[in-house]
Amino acid sequence: MKGRVAWILIGLLVAILGSASILGMAKDTLVVAVMAPPRTMNPHGSDADANLQIMANIFDGLLQRDADGNLLPALATSWERVDALTWRFHLRQGVKFHNGNDFTWEDVKFSLERLKEPYPVSEFLAFGAAIAEVRPVDGDPWTIDIVTTEPVPWFVQNLHQIFIMDKESTETRSIGEIGEYPIGTGPYKFVEWVKGSYLKLEANEDYWGGPPPIKYVVFKPITESSTRVAALISGEVDLIQDVPVELFDMVKSSPNAEIITRPSRRSIWLGLRNSPGFPGSDVRVRKAIYMAINEDEIIEKVMMGHAFPCSQIPDPPTVGYDASIERLPYDPEEAKRLLAEAGYPDGFTIKLTGPNDRYVQDEQIAQAIATQLAKVGIRVELDVKPKAVYFPELDEHGLDFYLLGWFDGSYDFGRSFTKLLHTVDPERGYGGLNGASYSDPVLDKLLEASSSIVDPTLRADALRLLNRVAMQEKIAVIPLHYQEDTYALYKPSNVQFRPRPDGWIVCKDISFGG
Amino acid sequence: MISYIIRRIGQSIVVLFVVSFLCFGIFQFLGDPVLTLAGRYATQEQQELVRRSLGLDKPFYVQYAIFIRNALRGNFGLSYTSQVPVMRMILERFPASFELALVAMFIALTLGITLGVVSSLRPRSPLSRAIMAGSLLGISLPTFLVGILLILIFSVWLRVLPPFGRGEVVRIVGRWRSGLLALDGLRHLILPAITLGLYQLAVLLRLTRGGMLEALAEDYTRTAWAKGLPQRAVIFKHALRNVLIPVVTMAGLQMGELIGFSIVTESIFQWPGMGNLLLTAIYESDHPIIVAYVMFVAGLILFINLAVDILYGILNPKIRYD
Numbered sequence: 000m001k002g003r004v005a006w007i008l009i010g011l012l013v014a015i016l017g018s019a020s021i022l023g024m025a026k027d028t029l030v031v032a033v034m035a036p037p038r039t040m041n042p043h044g045s046d047a048d049a050n051l052q053i054m055a056n057i058f059d060g061l062l063q064r065d066a067d068g069n070l071l072p073a074l075a076t077s078w079e080r081v082d083a084l085t086w087r088f089h090l091r092q093g094v095k096f097h098n099g100n101d102f103t104w105e106d107v108k109f110s111l112e113r114l115k116e117p118y119p120v121s122e123f124l125a126f127g128a129a130i131a132e133v134r135p136v137d138g139d140p141w142t143i144d145i146v147t148t149e150p151v152p153w154f155v156q157n158l159h160q161i162f163i164m165d166k167e168s169t170e171t172r173s174i175g176e177i178g179e180y181p182i183g184t185g186p187y188k189f190v191e192w193v194k195g196s197y198l199k200l201e202a203n204e205d206y207w208g209g210p211p212p213i214k215y216v217v218f219k220p221i222t223e224s225s226t227r228v229a230a231l232i233s234g235e236v237d238l239i240q241d242v243p244v245e246l247f248d249m250v251k252s253s254p255n256a257e258i259i260t261r262p263s264r265r266s267i268w269l270g271l272r273n274s275p276g277f278p279g280s281d282v283r284v285r286k287a288i289y290m291a292i293n294e295d296e297i298i299e300k301v302m303m304g305h306a307f308p309c310s311q312i313p314d315p316p317t318v319g320y321d322a323s324i325e326r327l328p329y330d331p332e333e334a335k336r337l338l339a340e341a342g343y344p345d346g347f348t349i350k351l352t353g354p355n356d357r358y359v360q361d362e363q364i365a366q367a368i369a370t371q372l373a374k375v376g377i378r379v380e381l382d383v384k385p386k387a388v389y390f391p392e393l394d395e396h397g398l399d400f401y402l403l404g405w406f407d408g409s410y411d412f413g414r415s416f417t418k419l420l421h422t423v424d425p426e427r428g429y430g431g432l433n434g435a436s437y438s439d440p441v442l443d444k445l446l447e448a449s450s451s452i453v454d455p456t457l458r459a460d461a462l463r464l465l466n467r468v469a470m471q472e473k474i475a476v477i478p479l480h481y482q483e484d485t486y487a488l489y490k491p492s493n494v495q496f497r498p499r500p501d502g503w504i505v506c507k508d509i510s511f512g513g
Numbered sequence: 000m001i002s003y004i005i006r007r008i009g010q011s012i013v014v015l016f017v018v019s020f021l022c023f024g025i026f027q028f029l030g031d032p033v034l035t036l037a038g039r040y041a042t043q044e045q046q047e048l049v050r051r052s053l054g055l056d057k058p059f060y061v062q063y064a065i066f067i068r069n070a071l072r073g074n075f076g077l078s079y080t081s082q083v084p085v086m087r088m089i090l091e092r093f094p095a096s097f098e099l100a101l102v103a104m105f106i107a108l109t110l111g112i113t114l115g116v117v118s119s120l121r122p123r124s125p126l127s128r129a130i131m132a133g134s135l136l137g138i139s140l141p142t143f144l145v146g147i148l149l150i151l152i153f154s155v156w157l158r159v160l161p162p163f164g165r166g167e168v169v170r171i172v173g174r175w176r177s178g179l180l181a182l183d184g185l186r187h188l189i190l191p192a193i194t195l196g197l198y199q200l201a202v203l204l205r206l207t208r209g210g211m212l213e214a215l216a217e218d219y220t221r222t223a224w225a226k227g228l229p230q231r232a233v234i235f236k237h238a239l240r241n242v243l244i245p246v247v248t249m250a251g252l253q254m255g256e257l258i259g260f261s262i263v264t265e266s267i268f269q270w271p272g273m274g275n276l277l278l279t280a281i282y283e284s285d286h287p288i289i290v291a292y293v294m295f296v297a298g299l300i301l302f303i304n305l306a307v308d309i310l311y312g313i314l315n316p317k318i319r320y321d
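Chains A and B, in that order, are what the protein sequence lines are. Going by numbering that gives the first Met the number 0, the first residue of the first sequence is number 0, and it counts up by one from there. Going by numbering that gives the first Met the number 0, the first residue of the second sequence is number 0, and it counts up by one from there.
Structure (structure tokens):
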């Protein structure tokens, strides 16, 4: 008798709990689970994509990018490069900030100058330092010139992630307040941010591009990937970012979930020292290492099929990407011959440094490379470590052989090259992430020649040339693969979503399909 | 008693100093916050600018001295990433961790004592053996696995309980939001609380059972049986009451750990508590949060230990502190 009562009670409990989960919200709300919580609501306070993707929903830049990575007008309706230093923008009229203030050229000037202020205001110091002046042209407040201190050919390429703030409300509030309550012109207005739990946004009905299709958006950070997947399968969230490879089968086996993938912008590649006396100074050795690496095997066994071979650092939407560059074939015999020819018939010993918590399967990739290179006589000492230790080492430029992943937020190979492969020159901020002090005067000259070209088409040609010489002749780096971006959708919500090259979740482009 | 308490407080302060010093020492190996705070494209000069503005260019002992001076005034600094006082951030997250620990401890205590008593009455019965085998699982299964399994069973397969988060919370006072007052909040508490409390449950169960087996064999219990007292009175009034002192002491001591070290559980269930805050802070090299968290938890555990010791002295007159 007692037993029966207990069972009835348990049954009731389950029924109550179960029914509560069915009473979901009416479908005017999109719930997105992201990998990392946003750090701050100060749009210049973090240059991490996890933060920028959220800011892009609340703020507008002068320009924006569509789902294919094309640069489009936003707060500026059109733009042109007047001369090497000057960029002209025609501003959109009649735009209002979420607090009712009008958008004017003063806001643009204020926001761009704000980039120069170091911590805690801005993480875009380098970009800010390049801005000399913002001024209206011939007294017309809707046409402005932005003058840079030196030629910055990629200047506009970066403007989709430089968000425009309201001068009045930013100047009158403390940095702590600005970091907790954002006021932008974007498609969504801020509602509430409970740190660690959720960020809620509401559609801006007065958005200059028309009101977005979905009324409310809730971003929830779920850092643990299996929990993120469970939240999706159980219908708690509509869209998740980053499905780890090992959970693919679980998502696929669920009738309610659907996986969407696209090649990531990030390429994984190996840097190699070329200072005199080091084996890597001989391009035959560089070729030999390239040809001794079986990338197909790495993709199949280590990446479980979820990566795409790459032949260069930039990805297709990046200025300077050249589709004609091909990978060197996998040919260990030829690699051995090249090594012998270069004077290393018995190979050599080299230390491969890399992170073990930064990229998909990073440590396993390094291990696979060590095994593959051993087959041609190159003995690899593995030195993998947490990123918090690895990246400061990379900044010292003292590595011999290292694994790095890269994509350029400003979609410009010229900028990537300056940071990654230009001869180290701290004064000018060149080669900051050039981990092995790679240096080639020809490549440096090609880059410098490209930066003064005003015409964007000609400059793209110059960067493609730089890319070809670097990748085909000099083997400046050994490219491995592009990672894969993965998302999953909760099918019953019928979310219409197209992944973007930058991986951002831009909600005005998302709708509930009919 | 008073002199004992004063001495204990003195010891606690020394411990807090040692903890803060160790914390600072570890930062030297935790990664450089300046690299992210200056931005990906910053020049070395710009990085140095940021380093100076954070005071990180000063030698280790000067940084430590500044920290101690401010900490003594109750100022633990601003978070590097969000520019908000770190103690406020920690206190904002405290209710979530505290409620989770409270519910976990409630589950561990009630189930632990009940099952402990049940398994001690007929130690050789199949039921007792099953309980003991289960408690062994509770002790040896890693928290991580338990959490994932619970999510898989109750959220993915049965779909009766939510897999993550706090759900609906009710604002009680100021920034204190409680999930205990809303049905949705309670539903969200169940899985993480079981995950967090399972180990403690197993420990308390074994402690109760061990104590009960001993107590049931004691002379006073046999006398109670011989007097013809009803079974209930013998078990609960005579045996269990004596067993409870060490059990409750143990539970008290574990409470601090449940609040402070729920990091794994909080990360699996994306529970917005202090453990989650700490994980994010470590990921972003946000040193002020890390040091304030460690100091807060160390202080909390020291306080609870002291309180338990004092209460123990009051509950058990045989104990004397000199």
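Glycine is no exception: its CB is placed at the ideal position from the N, C-alpha and C atoms.
Start and end residues, beta strand (DSSP E) containing residue i
| i | result |
| --- | --- |
| A:L198 | Y197 to A202 |
| A:V193 | Y187 to V193 |
| A:F400 | F400 to W405 |
| A:L71 | L70 to P72 |
| A:D144 | D139 to T147 |
| A:K219 | Y215 to P220 |
Contact list for residue i against chain B, beta-carbon separation under 9 Å
| i | result |
| --- | --- |
| A:K219 | F163, G164 and Q269 |
Burial state of residue i (16 or more Cβ within 10 Å)
| i | result |
| --- | --- |
| A:I452 | buried |
| A:Y343 | buried |
| A:W503 | buried |
| A:S173 | exposed |
| A:N466 | buried |
| B:I313 | exposed |
| A:R427 | exposed |
| A:I21 | Summary for A:I21: the model assigns pLDDT 44, below 50, so the residue's position carries little reliability, and this model does not support an answer. |
| B:V13 | exposed |
Contacts that residue i makes with chain B (C-beta to C-beta distance below 7 Å)
| i | result |
| --- | --- |
| A:G430 | Ordered by position in chain B, no residue passes the 7 Å Cβ test against A:G430, which lies about 11 Å from the chain. |
| A:I174 | Q82 |
| A:A387 | L29, G30 and S284 |
Span of the alpha helix (DSSP H) around residue i
| i | result |
| --- | --- |
| B:R68 | F59 to L71 |
| A:D361 | D361 to A373 |
| A:D48 | D48 to I57 |
| A:S77 | No alpha helix (DSSP H) contains A:S77, which is instead part of the beta strand (DSSP E) from A75 to R80. |
Beta-carbon neighbours of residue i, restricted to chain A and to distances below 7 Å
| i | result |
| --- | --- |
| B:L179 | Near B:L179 there are no residues of chain A at all, since even the closest Cβ is about 16 Å away, more than 7 Å. |
| B:G38 | D46, E122, F123, L124 and A125 |
| B:A41 | L124 and A125 |
| B:S266 | T222 and E223 |
Interface partners of residue i on chain B, CB under 8 Å
| i | result |
| --- | --- |
| A:D394 | L34 |
Neighbour list for residue i in chain A, Cβ cutoff strictly below 8 Å
| i | result |
| --- | --- |
| B:E283 | R38 |
Under 9 Å by beta carbon: chain A residues contacting residue i
| i | result |
| --- | --- |
| B:Q230 | Result: empty, since nearest Cβ-Cβ is about 16 Å, beyond 9 Å. |
| B:G298 | Within 9 Å Cβ-Cβ: nothing; B:G298 doesn't reach chain A, min ~22 Å. |
| B:V155 | V228, A229, I232, S233, M249 and S253 |
Exercise for the section: Count the CB pairs spanning the stretch 212-227 of chain A and the stretch 121-141 of chain B that are closer than 8 Å, and state whether there are at least three. Expected result: no
Handout entry: Stretch pair the stretch 92-100 of chain A + the stretch 177-184 of chain A: three plus CB contacts closer than 8 Å
Key = The answer is yes - the stretch 177-184 of chain A touches the stretch 92-100 of chain A, with three or more Cβ pairs under 8 Å.
Practice task
Compile a chain-ordered list of the residues in the stretch 48-61 of chain B whose CB is closer than 7 Å to at least one CB of chain A.
Solution key: Sequence-ordered contacts of the stretch 48-61 of chain B with chain A read L48, V49, S52 and L53 [C-beta pairs closer than 7 Å].
Exercise for the section: Please determine if the stretch 228-235 of chain A and the stretch 322-329 of chain A are in contact, where contact requires at least 3 C-beta pairs separated by less than 8 Å. Expected result: no
Handout entry: Residues within the stretch 435-448 of chain A neighbouring chain B, beta-carbon criterion of under 9 Å
Key = none
Practice task
Give a yes or no on contact between the stretch 415-433 of chain A and the stretch 60-77 of chain A, applying the rule of three or more CB pairs nearer than 8 Å.
Solution key: When C-beta atoms of the stretch 415-433 of chain A are compared with those of the stretch 60-77 of chain A, fewer than three pairs fall below 8 Å, so the two segments do not count as touching.
Handout entry: Three CB pairs or more closer than 8 Å across the stretch 235-251 of chain B and the stretch 305-319 of chain B
Key = The way I'd put it, the stretch 235-251 of chain B does touch the stretch 305-319 of chain B; three or more beta-carbon pairs between them come closer than 8 Å.
Practice task
Would you check if the stretch 48-59 of chain A and the stretch 262-278 of chain A touch, i.e. whether three or more CB-CB distances between them fall below 8 Å?
Solution key: no
Handout entry: At least 3 beta-carbon pairs within less than 8 Å: the stretch 274-291 of chain A vs the stretch 37-45 of chain A
Key = With fewer than three CB-CB distances shorter than 8 Å, the stretch 274-291 of chain A does not count as touching the stretch 37-45 of chain A.
Exercise for the section: Evaluate contact between the stretch 196-211 of chain B and the stretch 270-284 of chain B, counting only Cβ atoms and requiring at least three cross-stretch pairs below 8 Å. Expected result: no
Exercise for the section: Mind the definition here: the stretch 400-410 of chain A touches the stretch 311-321 of chain A only if three or more C-beta pairs lie below 8 Å; say whether that holds. Expected result: yes
Problem - Segment contact flag, the stretch 173-180 of chain B with the stretch 242-251 of chain A, C-beta cutoff 8 Å, min 3 pairs - result: no
Practice task
Note down, in chain order, all residues in the stretch 173-195 of chain A with a beta-carbon under 9 Å from any beta-carbon belonging to chain B.
Solution key: S173, I174, G175, I177, G178, E179, V193, K194 and G195
Handout entry: Stretch pair the stretch 0-12 of chain B + the stretch 291-302 of chain A: three plus CB contacts closer than 8 Å
Key = no
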